[in-house]
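By our numbering, the letter at position 99 of the sequence shown is numbered 109, and the numbering carries on one by one without gaps.
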Amino acid sequence: MGKVTAIYLSVKKGERIRLDQPGLFIPGFGLQGDSHGGRDQRQVCLFGVNSNEQLQKLGGAGLCTGRFNENITTAGIDLYQLSLGTRLKIGETIQEITQIGKKCFGCEIGDKDGKCVLANEVVFTAVIQGGVIKAGDTIAVME
């Protein structure tokens, strides 16, 4: 079982705001007010604390590293090791994993060794059951 360490909202692409209050996640959309919500099945973006630390060590070397913004930062669970279609209970919501890894656009990181943390460890979900999520909420894999 993992936990939510932070929730971020991108009102405009490229900028993010850490929410101090709970976020409302809407079925078929994602985080209310988020500029990335409502498009296809990549409604919510999750990224682990450990993965984020690896990303920070790159120091903005890649095309995406300085622009990437997740909605939910996680700890204690490696979501990228789960299978597509896995359902997660996060706070009041139920979300389904729809994509693992962010599309790679080819940059010095990917060209060098193909081990970009964004291409391998970002997890996208669709909101199946809406509700509120706040920092400290648990993340459980549903059977």
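Don't be surprised by glycine CBs; every beta carbon is placed ideally from N, CA and C.
- For L29, the closest alpha carbon among the candidates S45, L128 and I82 is that of I82.
- V133 sits buried, since 16 or more C-beta atoms from the chains shown fall within 10 Å of its C-beta.
- The region 89-97 makes no contact with the region 34-42: fewer than 3 CB pairs, one atom from each, lie closer than 8 angstroms.
- Of the candidates V14, G24 and Q109, the residue whose Cα lies closest to the Cα of D50 is Q109.
- Of the candidates N62, G86, E63 and K112, the residue whose Cα lies closest to the Cα of V54 is K112.
- When DSSP states are grouped into helix, strand and coil, E153 belongs to the coil group.
- For secondary structure counted as the beta strand (DSSP E) over 3 or more consecutive residues, the region 12-41 holds these complete runs in sequence order: 12-19 and 33-36.
- For the pair E63 and F78, the Cα-to-Cα distance works out to about 13 angstroms.
- For L128, the secondary structure class from DSSP, reduced to helix, strand or coil, is helix.
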